[in-house]
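**Q** For what it's worth, UniProt numbering labels the leading residue of the sequence shown as 1, then goes sequentially.
Encoded as structure tokens, here's the structure I'll be asking about.
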Amino acid sequence: MISMEIMGKIRRMYFRDKLSLHEIAKRTGLACNTIRKWVRAPEAKQPVYLRRAIFNKLSPFHATLEQALKADSLRPKQQRRSAKALLAQIKAEGYDGSYSQLTAFLRAWRGEQGKALHAFVPLTFALGEAFQFDWSEEGLLIGGIYRRMQVAHLKLCASRAFWLVAYPSQGHEMLFDAHTRSFSALGGVPRRGIYDNMKTAVDKVNKGKGRTVNARFAVMCAHYLFDPDFCNVAAGWEKGIVEKNVQDSRRRIWLDAQDGQFHSFEELNAWLGQRCRALWSELSHPQ
Numbered sequence: 001m002i003s004m005e006i007m008g009k010i011r012r013m014y015f016r017d018k019l020s021l022h023e024i025a026k027r028t029g030l031a032c033n034t035i036r037k038w039v040r041a042p043e044a045k046q047p048v049y050l051r052r053a054i055f056n057k058l059s060p061f062h063a064t065l066e067q068a069l070k071a072d073s074l075r076p077k078q079q080r081r082s083a084k085a086l087l088a089q090i091k092a093e094g095y096d097g098s099y100s101q102l103t104a105f106l107r108a109w110r111g112e113q114g115k116a117l118h119a120f121v122p123l124t125f126a127l128g129e130a131f132q133f134d135w136s137e138e139g140l141l142i143g144g145i146y147r148r149m150q151v152a153h154l155k156l157c158a159s160r161a162f163w164l165v166a167y168p169s170q171g172h173e174m175l176f177d178a179h180t181r182s183f184s185a186l187g188g189v190p191r192r193g194i195y196d197n198m199k200t201a202v203d204k205v206n207k208g209k210g211r212t213v214n215a216r217f218a219v220m221c222a223h224y225l226f227d228p229d230f231c232n233v234a235a236g237w238e239k240g241i242v243e244k245n246v247q248d249s250r251r252r253i254w255l256d257a258q259d260g261q262f263h264s265f266e267e268l269n270a271w272l273g274q275r276c277r278a279l280w281s282e283l284s285h286p287q
């Protein structure tokens, strides 16, 4: 089954990067007919089809190899077994297949484990390259009732223009609506979005940078043709631009909001939009 992550990458390479079907096939290893089918699909839906399990001469030795690789992951790098050493081990147990089958298995296994333990996230950006997203919780009277609101912050990394939208909660519907409103207000969609590991985006944090991305979140990324990047665990500085925006907004926006009267979230969000636009002209870019 093609995952929504792969589906999103195909759509971005075809629609955004203008790559040919043959070039996409070369980069992904998928057949041109498969790629053509999904770029012609009217909506970015999770593609589902039955696929027969593929067995080869290496299949009976998968458990042995996984056990060896897991054991090696706990050892110093110089003490880990090479592919040739693993080949010798399984040949002694009866394997008579090719070396290429083994190396393909090793690449797939290491990819799933998230081999990149500490990817560097740059904090200097080109125009249109990236945005950062985060939530904050703010308190305010809405319709005469004090509410603890969830506020979506989406901030462009280069120009530092930003957009705020307030909601009662942080569900998927609010997350998607916040992106739609923000992209519309900011006039476009950058190539990458930088997030923490929020539950509406990440189903499971795997080893290193490996993530099991939520299917509904992946559909949104495929629709807007941007690549999602997730921060390392407990590394909030990697999206420090938007985290600073949360703090700045409390001083520049929410103090003024305390003096206002808002009868609904719609009324509050209209006011927030006006304040965001007014503050864009006052932004001092640090770079």
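By construction, the Cβ of each residue, glycine as well, lies at the ideal position given by its N, Cα and C atoms.
(1) Compare the Cα-Cα distances from V242 to each of A158, A278, E173, L140 and report the closest residue.
(2) With DSSP run on the structure shown, which of helix, strand or coil describes K207?
(3) Give the single residue among L186, G187, Q150 whose Cα lies nearest to the Cα of L175.
(4) For a minimum of 3 consecutive residues, which ranges assigned as the beta strand (DSSP E) are wholly contained in the region 141-228?
(5) Exposed or buried, which one is G193 when buried takes at least 16 other CB atoms within 10 Å?
(6) Going by beta carbon distance, what residues of the same chain come within less than 7 Å of A126, once the five residues before and after it are set aside?
(7) Decide yes or no for the touch test of the region 129-143 against the region 254-261: beta carbon pairs closer than 8 Å, at least 3 of them.
(8) Under the rule that 16 or more other beta-carbon atoms within 10 Å means buried, what is A41, buried or exposed?
(9) Take H118 and list the residues in its own chain whose beta-carbon comes closer than 7 Å to its own, dropping the five residues that flank it on each side.
(10) Any idea which residues DSSP pairs D256 with across the strands?
(11) Pick helix, strand or coil for A119, following the three-state DSSP scheme.
(12) CB-CB under 8 Å to W109, same chain, minus the five flanking residues each way: which ones, in chain order?
(13) In chain order, what residues of the same chain lie with their CB nearer than 6 Å to the CB of C221, ignoring the 5 residues before and after it?
(14) What residue does the alpha helix (DSSP H) around A85 start on, and which one ends it?
(15) Buried or exposed for A166, please, with buried defined as at least 16 other CB atoms from any protein chain shown within 10 angstroms of its CB.
(16) Looking at I24 and M13, is the spacing between their C-beta atoms short of 7 Å?
(17) When the Cα atoms are used, what is the spatial distance from A92 to R80?
**A** If we stick to the structure as given:
(1) Comparing Cα positions, the closest option is A158.
(2) DSSP places K207 in coil when its eight states are reduced to three.
(3) Distance check between L175 and each of L186, G187, Q150 places Q150 closest, using alpha-carbon atoms only.
(4) Segments of the beta strand (DSSP E) lying fully in the region 141-228: 145-156, 162-167, 192-195, 202-205, 211-213.
(5) By the beta-carbon neighbour count (other beta carbons within 10 angstroms, threshold 16), G193 is buried.
(6) The answer, listed in chain order, is A158.
(7) Under the three-pair Cβ rule at 8 Å, the region 129-143 counts as touching the region 254-261.
(8) Label assigned to A41: exposed.
(9) With a pLDDT of only 47 at H118, under 50, the local geometry of the prediction cannot be trusted, and the value read off the model is given with reservation. In its chain, beyond the 5 residues on either side, N232 have a beta carbon closer than 7 Å to the beta carbon of H118.
(10) In DSSP, D256 forms no bridge with anything.
(11) Residue placement at A119 is flagged as unreliable, the pLDDT there being 49, under the threshold of 50; the coordinate-derived value follows with that caveat. In the structure shown, A119 sits in coil (DSSP, three-state: anything other than H, G, I, E or B).
(12) So the list reads L65, E66, L69, once near-sequence residues are dropped.
(13) If we look at C221 and ignore the five residues flanking it on each side, its Cβ neighbours are G8, P228.
(14) Per DSSP, A85 belongs to the alpha helix (DSSP H) from 83-92.
(15) Burial state of A166 is buried, judged by a 10 Å Cβ sphere holding 16 or more other Cβ atoms.
(16) At a Cβ-Cβ threshold of 7 Å, M13 and I24 count as neighbours.
(17) In a straight line, the C-alpha of A92 is about 19 Å away from that of R80.
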